[in-house]
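Quick note, the sequences are listed as chains A and B, same order.
Residue numbering for the first sequence follows my numbering, starting at 1 and increasing by one per position.
Residue numbering for the second sequence follows my numbering, starting at 1 and increasing by one per position.
Cβ coordinates follow ideal geometry from the N, Cα and C atoms, glycine included.
The structure appears below as structure tokens.
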Amino acid sequence: MLEIDGISKRFGSTVALDGMTFTVRPGELYGFVGANGAGKTTTMRIALGVLAADAGEVRLEGRALDAASRRRIGYMPEERGLYPRMAVGTQLRYLAELRGRSAAQAREAADRWTERLGLAERRADEVQRLSLGNQQRVQLAAALVAEPDVLVLDEPFSGLDPVAVDVMSEVLRERRDAGAPVVFSSHQLELVERLCDRVGIVRAGRLVAEGAVAQLRDASAVEVVVDAPHAPPGWADGVPGVARTRDADGGTVLTLADASEATLGGVLDAARATGPVHEFRRRRPTLAEIYRDAVADHGSEVAA
Amino acid sequence: MTGALRPVLLIARREFASRVRGRAFVVGTLVVLVLLGVYAAVIATIASGDDTARVGVTGPAVALAGPLERAAPTEGLTLTVVPQPDVATGEAAVRAGDLDALVGGEPARPRVVVASEPDADLERVIVDATTTVARDGFLVARGVDPAALDAALAESGPVVVSLEPPDPQAGRRLGLGLAGAFLLFFSIQTYGAMVAQGVVEEKASRVVEIVLSSVRPWQLLLGKVLGLGAVGLLQLVVLGGAGLAVAGAAGVLAPGPGLVSTLVSVVVWYLLGFALYATVFAAAGSLVSRQEDTQSVLSPITITVLLGFVVGFNLLTSDPRGTAITVISLLPPFSPLFMPARIALGVAPVGQVVLAFVLTIAFTAVVLALGGRIYANSVLRTGARVSLREALGRGRG
């Protein structure tokens, strides 16, 4: 279990993190989303000990992280980087050994991950001779080669081709299923929605929403889509429980105060009263919409 | 090889392997070796190229043959006297270059025919010979035996009492000391700059973030300094060894206890000097993020070292016992360059060596603390150059 507990960090007069708190459980894939500059990268850097926090603590299995336990975290920094003139295989073995693996373990893991990620033919090549896509795969291998118990990946999907995205997704699920806490940040919200067990939405250095995507959906406003072709404009005004209406999705989208039988029934009756009803369904917001709402709730503040 | 030290050794091993296998190291070392060989060959030719001269004698001047041959060794000249049948034949031989000079006519006042200008040494030999002939004639005319005068003169002369006997090896020691100082300067500059480049390369390629998520900054810094220091030491040993082999083969240098202690002190001072300078270079390198900016932060350091080296080198050759070089060799940043040279020269009292050693270690410790702090604070900062004030500020430890 990886716990980020009340982490704050300032850079000069800029507040980068303001009491950032969340927990990634074992066997959980946690999506970390937020605008650029919201504090995702800073959080991850602090978790890896690359930056020092001004306040707060990062714990792994209940104990504050130290140099030894940090080596159990597989890390993919946002700023990708490898030794350009070092061969792929040598480099992976080196990085694994730096994280405390024995020479034999490092060799075995480097061979296995290069094989798995389709880089077996390129082991002897210098990293700088690889295509960008292949360099990304080496970067992923670098995060995995020390057999980490935890994965912290900053934008692991950026710059990947579709095949590599599939490989990456598969690897993340696999590590999750093996019981590792896995956290990654991404701007690709459909991907986060598809992959993650839980999502944390970060804004201006703190978490503004957190939970399983389904929970976040339930917590967000109840909407129904009604397609009643003969309904006049404003037909739903005044129906009890209807907060807002707008035209979208090939019909009228009604935002309801609650999802009770009475409210839903009242709306359906009002729709039937206008003539035939072609569609009447509960509308599930996408993660992107939840994200926009979460960020818009704080619209008065300037997004960092 | 456990705990905090294993990463340091891994890093050192990587630095060592990636440099020694690199083409630059192999080619660079070979080029320096070839230059060293050429230099040694030139020196050997000059040293072994004894002055030789062929002088023709003709007519009454044949009497000069003996005095000429006796005078030649005092001027370091190997002289061959070749009697000529007549002046015309002799002049032709001079013109053809077979003879350096033709001496003819009256022995006390001969005519010397040369191609253009007489060789200075040869001219002195001829003057010696004519003086001897004139003196002997004068003495014989007055009934004095020239040999008796020579015997009397040979008995005369001062007896010099040296309070400090001169070192017969002084020249060789100076050569060894200067060569050592030069090699140290060369190694420290080259490999110190390499440390800075390595630091900047890691920053520029961003790999430093991955490395620093596995190890502490001091481990990375120490590993780098150790690894590159070992490469520098290897090159120092290769070059120094080749130099000694050449010198030994040329008979310039005889192995002895003085030689061994000089070599040991050069290596010890190299290690100390390298730790000192490499840390400074690493800290400087960590302030910038691009290779293009490296020079701007390194120049102040390299120029300081260069100036110190040039001044110290001149003092060492002109006045190795002087106050100025003594002071410079006691100042920590320059001790590693000049103390081994002064030790080799045998002009450094033990007290001074110990003082310089202690001062350098203390100074290096301060530099390591400050440099490590600058490095840790700056190495993850990309973009604009980090100011020294920021770099020295509160770090992550």
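- Message: Classify leucine 163 (chain B): buried if its beta carbon has 16 or more other beta carbons within 10 angstroms, exposed otherwise.
- Response: Burial call: exposed.
- For aspartate 100 (chain B), is the classification buried or exposed, using 16 other Cβ atoms within 10 angstroms of its Cβ as the cut-off for buried? Buried, since its Cβ has 16 or more Cβ neighbours within 10 Å.
- Rounded to whole angstroms, what's the CA-CA distance from tyrosine 75 (chain A) to histidine 187 (chain A)? Just pull it up for me. Computed Cα separation, rounded: 18 Å.
- Query: With a cut-off of 8 Å, do at least 3 Cβ pairs link the region 209 to 221 of chain B to the region 369 to 378 of chain B?
  - Reply: In short, these stretches touch, since the Cβ pair count reaches three.
- Report yes or no: is there a C-beta of chain B within less than 8 Å of the C-beta of glycine 89 (chain A)? Glycine 89 (chain A) does not count as touching chain B.
- Query: Mind checking whether valine 150 (chain A) and leucine 60 (chain A) have CB atoms under 8 Å apart?
  - Reply: In this structure, leucine 60 (chain A) lies closer than 8 Å to valine 150 (chain A) by Cβ.
- Message: Distance check for alanine 52 (chain A) and isoleucine 210 (chain B), CA to CA, integer angstroms please.
- Response: Distance between the alpha carbons of isoleucine 210 (chain B) and alanine 52 (chain A) is about 16 Å.
- Message: On a Cα-Cα basis, can you pick out the residue from B:Arg54, B:Leu233 and B:Ile303 that is closest to alanine 72 (chain B)?
- Response: Taking alanine 72 (chain B) as reference, the option from B:Arg54, B:Leu233 and B:Ile303 with the minimal CA-CA separation is B:Arg54.
- Determine which residues share a DSSP beta bridge with leucine 178 (chain B) and list them. According to DSSP, leucine 178 (chain B) bridges with nothing at all.
- Throw me the rounded Cβ distance for the threonine 360 (chain B) and leucine 276 (chain B) pair, which I believe falls under 8 Å. That belief holds up - the Cβ atoms of threonine 360 (chain B) and leucine 276 (chain B) are roughly 7 Å apart, short of 8 Å.
- Query: Taking Cβ positions, are leucine 102 (chain B) and glutamate 117 (chain B) nearer each other than 8 Å?
  - Reply: No, these two residues do not count as a Cβ contact at 8 Å.
- Task: Given a cut-off of 8 Å, decide if arginine 107 (chain A) and arginine 93 (chain A) are closer than it, judged by their beta-carbon atoms.
- Result: Taking 8 Å as the Cβ cut-off, arginine 93 (chain A) and arginine 107 (chain A) qualify as a contacting pair.
- Task: Out of B:Leu9, B:Ala4 and B:Leu5, point me to the one whose CA is closest to glycine 227 (chain B)'s CA.
- Result: For the residues B:Leu9, B:Ala4 and B:Leu5, the minimum Cα distance to glycine 227 (chain B) belongs to B:Leu9.
- Task: Determine contact between the region 224 to 232 of chain A and the region 261 to 280 of chain A, defined as no fewer than three beta-carbon pairs at a distance below 8 Å.
- Result: These segments touch.
- Query: Are valine 114 (chain B) and valine 140 (chain B) close, meaning C-beta to C-beta below 8 Å?
  - Reply: Cβ atoms of valine 114 (chain B) and valine 140 (chain B): not closer than 8 Å.
- Using beta-carbon positions only, say whether proline 320 (chain B) and tryptophan 269 (chain B) come within less than 8 Å of one another. No, these two residues do not count as a Cβ contact at 8 Å.
- For tyrosine 75 (chain A), three-class secondary structure by DSSP: In this structure, tyrosine 75 (chain A) counts as strand in the three-state DSSP scheme.
- Outcome for arginine 284 (chain A) when other beta-carbon atoms lying within 10 angstroms are tallied against a minimum of 16: Exposed, since its Cβ has fewer than 16 Cβ neighbours within 10 Å.
- Query: Whose Cβ in chain B lies nearer than 7 Å to the Cβ of tyrosine 83 (chain A)?
  - Reply: Residues of chain B whose Cβ lies closer than 7 Å to the Cβ of tyrosine 83 (chain A) are, in chain order, Ser205 and Val207.
- Query: Out of A:Ser260, A:Ala271, A:Glu261 and A:Ala262, which has the shortest C-alpha to C-alpha gap to threonine 245 (chain A)?
  - Reply: Among A:Ser260, A:Ala271, A:Glu261 and A:Ala262, the Cα nearest to that of threonine 245 (chain A) is on A:Ala271.
- Pull out every residue of the region 176 to 204 of chain A whose Cβ sits closer than 9 Å to any Cβ of chain B, in chain order. Contact annotation: in the region 176 to 204 of chain A, no residue has its CB less than 9 Å from a CB in chain B.
- Message: Distance cutoff 8 Å, beta carbons only. Does glycine 159 (chain A) sit that close to anything in chain B?
- Response: At a cut-off of 8 Å between beta carbons, glycine 159 (chain A) makes no contact with chain B.
- Query: Skipping 5 residues on each side, what residues in its chain have a beta carbon closer than 6 Å to that of isoleucine 290 (chain A)?
  - Reply: Excluding positions up to five away in sequence, the list reads Leu216 and Ser220.
- Message: Using 8 Å as the threshold, is the C-beta distance between leucine 207 (chain A) and isoleucine 201 (chain A) below it?
- Response: Yes, they are a contact pair.
- Task: Report the option in B:Ile11, B:Pro7, B:Arg21 and B:Ala362 whose CA atom is closest to the CA atom of leucine 234 (chain B).
- Result: Minimum Cα distance to leucine 234 (chain B) is reached at B:Arg21.
- Scan the region 91 to 111 of chain A for residues whose Cβ lies nearer than 7 Å to a Cβ of chain B and list them as they occur along the chain. For the region 91 to 111 of chain A, the beta-carbon criterion of a distance under 7 Å to any beta-carbon of chain B is satisfied by Tyr94, Leu95, Glu97, Leu98 and Arg99.
- Task: Mark leucine 337 (chain B) as exposed unless 16 or more other C-beta atoms lie within 10 angstroms of its C-beta, in which case mark it buried.
- Result: Per the 10 Å Cβ criterion, buried.
- Counted within 10 angstroms of its Cβ, other Cβ atoms place glycine 251 (chain A) as buried (16 or more) or exposed: Residue burial is scored here from C-beta neighbours: glycine 251 (chain A) has at least 16 other C-beta atoms within 10 angstroms and is therefore classed as buried.
- Option nearest proline 107 (chain B) by Cα separation, candidates B:Gly137, B:Glu123, B:Gly97 and B:Arg124: Comparing Cα positions, the closest option is B:Gly137.
- What separation, rounded to the nearest whole angstrom, lies between the Cα atoms of alanine 110 (chain A) and proline 26 (chain A)? Going from the Cα of alanine 110 (chain A) to the Cα of proline 26 (chain A) covers about 25 Å.
- Item | the region 120 to 139 of chain A in contact with the region 82 to 99 of chain A per 3-pair CB rule at 8 Å | Counting Cβ pairs under 8 Å, three or more are found: they touch.
- Message: Taking the alpha-carbon of alanine 63 (chain B) as reference, which of B:Phe334, B:Val353, B:Val159 and B:Gly105 has the nearest alpha-carbon?
- Response: Checking every option, the nearest Cα to that of alanine 63 (chain B) belongs to B:Gly105.
- 7 Å Cβ cut-off: residues of chain B touching leucine 48 (chain A): Chain-ordered, the chain B residues with CB closer than 7 Å to the CB of leucine 48 (chain A) read Ser213.
- Task: Please confirm whether leucine 298 (chain B) and alanine 196 (chain B) have their CB atoms less than 8 Å apart.
- Result: With a cutoff of 8 Å on beta-carbon distance, leucine 298 (chain B) and alanine 196 (chain B) are scored as near each other.
- Message: Can you look up aspartate 86 (chain B) in the DSSP assignment and give me helix, strand or coil?
- Response: If DSSP states are grouped into helix, strand and coil, aspartate 86 (chain B) belongs with coil.
- Does leucine 380 (chain B) get closer than 8 Å to chain A when you measure Cβ to Cβ? Interface residue, yes.
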